[in-house]
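Residue 382 is where the sequence shown starts when you use the numbering used here, and the numbers rise one by one after that. From the three backbone atoms N, C-alpha and C, an ideal C-beta is built for every residue, glycine too.
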Amino acid sequence: MHAFNKRVDSTLSGGDGPGLAASVPAPVAAGIGNFADTVSLPQTVVNQILQARLGRAARNTLRFSVNATIGVAGLFDVASEMGLPEDDSDFGETLYVWGFPEGAYIELPVLGPATERDAVGKFFDLFTDPVSYLVRTPDRYYASGARLADKALKRAEYGDSIDALLYDSADSYAQLRMIYLQNRRFELGDETSGGEDYIDPEALDTEGF
Numbered sequence: 382m383h384a385f386n387k388r389v390d391s392t393l394s395g396g397d398g399p400g401l402a403a404s405v406p407a408p409v410a411a412g413i414g415n416f417a418d419t420v421s422l423p424q425t426v427v428n429q430i431l432q433a434r435l436g437r438a439a440r441n442t443l444r445f446s447v448n449a450t451i452g453v454a455g456l457f458d459v460a461s462e463m464g465l466p467e468d469d470s471d472f473g474e475t476l477y478v479w480g481f482p483e484g485a486y487i488e489l490p491v492l493g494p495a496t497e498r499d500a501v502g503k504f505f506d507l508f509t510d511p512v513s514y515l516v517r518t519p520d521r522y523y524a525s526g527a528r529l530a531d532k533a534l535k536r537a538e539y540g541d542s543i544d545a546l547l548y549d550s551a552d553s554y555a556q557l558r559m560i561y562l563q564n565r566r567f568e569l570g571d572e573t574s575g576g577e578d579y580i581d582p583e584a585l586d587t588e589g590f
């Protein structure tokens, strides 16, 4: 799966990442990123309620209200200037709060690195996004398009670092696994799964199957 994802990345990026990043004016890129963040906030709020982090949920609800109105439908991040910074969450974090174990490190088609817990979280996030149910179909596509465009711009912005990781390192799978797990555990504040103490399916003894 890692090799497949590298082929997809190579095909989609086409080696023009820095050129794409430079060709999009900074205010436009910022507006796309802000809008993508704004339309993702309802799902973040739902997850923080499920985590019983009601203070964070309330702040993100206020952040959504401010950016969706004063921020012109989320194109401008007015909320951060008012002391309401970005505070993301997802169902993978919800499962962590509920006590579900990390599980094995895996790579999902196109979606990339995850743990078994985060893979389940991504699945639930995909089908439980409030925007998908509360926003009419034509407008819903704007939200999806903004998220995809934001990911493409971020891939372009950090193209040199990503290319070095995926295409220049001696073992890109091991490097990606290490970086993903370290970053994810840091995001979650998980101090119980440190080091390499996780289940790696590639390290399992499958002889005889």
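Do N415 and L456 count as a contact pair if the criterion is CB distance below 8 Å?
In the sequence shown, residue 456 corresponds to position 75, counting from 1. In the sequence shown, residue 415 corresponds to position 34, counting from 1. Against a cut-off of 8 Å, the Cβ pair of N415 and L456 comes out as a contact.
Nearest-angstrom Cα separation, counted from D418 out to A438
As a working note, residue 438 is residue 57 in the sequence shown. As a working note, residue 418 is residue 37 in the sequence shown. Approximately 15 Å between the Cα atoms of the pair.
In its own chain, which residues sit with a C-beta less than 7 Å from the C-beta of R440, not counting the 5 before and 5 after it?
Counting from 1 along the sequence shown, the entry for residue 440 is found at position 59. If we look at R440 and ignore the five residues flanking it on each side, its Cβ neighbours are L465 and D468.
Among M382, H383, A384 and V389, the one whose alpha carbon lies nearest that of A533
For the purposes of this step, residue 533 is identified with residue 152 of the sequence shown, where counting begins at 1. Comparing C-alpha distances from A533 to each of M382, H383, A384 and V389 shows the shortest one belongs to V389.
Using the rule of at least 16 other Cβ atoms within 10 Å of the residue's Cβ for burial, across every protein chain shown, is E572 buried or exposed?
Along the sequence shown, read from residue 1 onward, the residue named residue 572 stands at position 191. By the 10 Å Cβ count, E572 comes out exposed.
Within 10 Å of its beta-carbon, does F595 have 16 or more other beta-carbons around it, so buried, or fewer, so exposed?
Residue 595 falls outside the range modelled here, since the chain spans only 382 to 590, and no answer is possible.
Whether G493 touches N564 by CB criterion (8 Å)
Residue numbering aside, residue 493 sits at position 112 when the sequence shown is read from its first letter. Residue numbering aside, residue 564 sits at position 183 when the sequence shown is read from its first letter. Not a contact, by the Cβ cut-off of 8 Å.
Report yes if the C-beta distance between L569 and E474 is below 8 Å; otherwise report no.
Residue 569 sits at position 188 when you count from the first residue of the sequence shown. Residue 474 sits at position 93 when you count from the first residue of the sequence shown. At a Cβ-Cβ threshold of 8 Å, L569 and E474 count as neighbours.
Thinking V420 and V512 are a contact (beta carbons under 8 Å), I'd like their distance in whole angstroms, please.
Taking the first residue of the sequence shown as position 1, residue 420 is located at position 39. Taking the first residue of the sequence shown as position 1, residue 512 is located at position 131. The C-beta separation of V420 from V512 comes to about 5 Å, placing the pair in contact by the 8 Å criterion.
State the Cα-Cα distance for the pair A584 and D544, rounded to the nearest angstrom.
Locating residue 584 in the sequence shown gives position 203, where the first residue counts as 1. Locating residue 544 in the sequence shown gives position 163, where the first residue counts as 1. Unreliable placement is indicated for A584, whose pLDDT of 47 sits below 50; no coordinate value is reported for it.
Where the alpha helix (DSSP H) containing P408 begins and where it ends:
Looking up residue 408 in the sequence shown gives position 27. Where P408 is concerned, the enclosing alpha helix (DSSP H) stretches over A407 to L431.
What separation, rounded to the nearest whole angstrom, lies between the Cα atoms of P423 and F445?
As a position in the sequence shown, residue 423 is number 42, starting the count at 1. As a position in the sequence shown, residue 445 is number 64, starting the count at 1. Looking at the two C-alpha atoms, the distance is approximately 8 Å.
Limits of the unbroken alpha helix (DSSP H) element including I560
Mapped onto the sequence shown, residue 560 falls at position 179. Run containing I560: S553 to L569, per the alpha helix (DSSP H) assignment.
According to the Cβ coordinates, are S470 and T425 closer than 8 Å?
Stepping through the sequence shown from its first residue, residue 470 is reached at position 89. Stepping through the sequence shown from its first residue, residue 425 is reached at position 44. It is a contact, given that the beta carbons lie within the stated cut-off.
Using three-state DSSP, classify P511 as helix, strand or coil.
Along the sequence shown, one-based indexing puts residue 511 at 130. Helix.
Measuring CA to CA, which of P482, M382 and L393 is closest to L529?
In the sequence shown, counting from the first residue as 1, residue 529 sits at position 148. Answer by Cα proximity: L393.
Between I451 and A527, is the Cβ-Cβ spacing less than 8 Å?
Against the sequence shown, residue 451 aligns to sequence position 70. Against the sequence shown, residue 527 aligns to sequence position 146. Not in contact: I451 and A527 (Cβ atoms no closer than 8 Å).
Should A500 and L507 be called a contact, given that it needs their Cβ atoms to be closer than 8 Å?
Here the question's residue 500 lines up with position 119 in the sequence shown. Here the question's residue 507 lines up with position 126 in the sequence shown. For A500 and L507, no; Cβs fall outside 8 Å.
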